[in-house]
Amino acid sequence: MFKRFPRISTARLILGVTAVIVGYFLVTGATAALRSSHLNDREDRLRAEIAEFQQRYDRLEALREYLKSDEYIEAVAREQLGLVREGETGIAVISAAPSPAPDAETAEESDLWWETLIR
């Protein structure tokens with residue numbers, strides 16, 4: 005009527021428990037190694053992004069310094085505002101025919117307008 009389960013020897017019990025524990029540690033170690041690999045990849049990507057942002061910051065800082073310089077202020081005053089220094093004579097050149105506008109396709113789209121100033 006009642007079915008009796010076979011008795012498990014102590015050696016088999018220890019072997020079974022040891023196999024379960026070893027399996028657990030193998031799975032846990034593999035999971036940790038995989039997660040570590042993903043974190044290292046992410047760290048590398050973030051370091052590259054930080055380096056890119058640092059370069060961009062340095063270029064912007066150089067532009068800011070140039071825009072604050074007397075050289076830039078004088079260039080804007082002469083070219084855009086038509087101002088001259090004391091003792092100089094200003095000349096306005098009026099062309100007979102309008103010059104053609106640069107073609108939009110030939111202009112480089114990748115450069116920012118301020119990058120040409122700091123090169």
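Numbering (our numbering), first residue to last: 5 to 123. Virtual Cβ for every residue (Gly too), placed ideally from N, Cα, C.
Would you mind giving the Cβ-Cβ distance between residue i and residue j, rounded to the nearest angstrom? I have them listed as a contact below 8 Å.
i   : j    : result
R63 : E119 : 7 Å
Determine the extent of the alpha helix (DSSP H) in which residue i is found, giving its start and end residues.
i    : result
V20  : Correcting the residue type first, residue 20 is Gly in the shown sequence and not Val. First-last of the alpha helix (DSSP H) with G20: 14-72.
T93  : Where T93 is concerned, there is no enclosing alpha helix (DSSP H), given that its DSSP letter is neither H nor E.
I122 : 119-122
Considering only their Cβ atoms, is the gap separating residue j from residue i smaller than 8 Å?
i    : j   : result
L121 : Y70 : yes
L87  : A81 : yes
Once DSSP output is grouped into helix, strand and coil, what is the label at residue i?
i  : result
V1 : Any question about residue 1 goes unanswered here, given that the chain covers just 5 to 123.
V8 : As written in the sequence, residue 8 is Arg, which differs from the Val given in the question. Residue state, collapsed to three classes: coil.
Nearest to residue i by CA position, among the options, is which residue?
i   : options      : result
Q84 : R8, V26, Y76 : Y76
Using 7 Å as the cut-off, classify the Cβ of residue i as near or not near the heavy atoms of the ligand MG, replying yes or no.
i   : result
V88 : With respect to the ligand MG, the structure shown offers nothing to examine, as it has no ligands at all.
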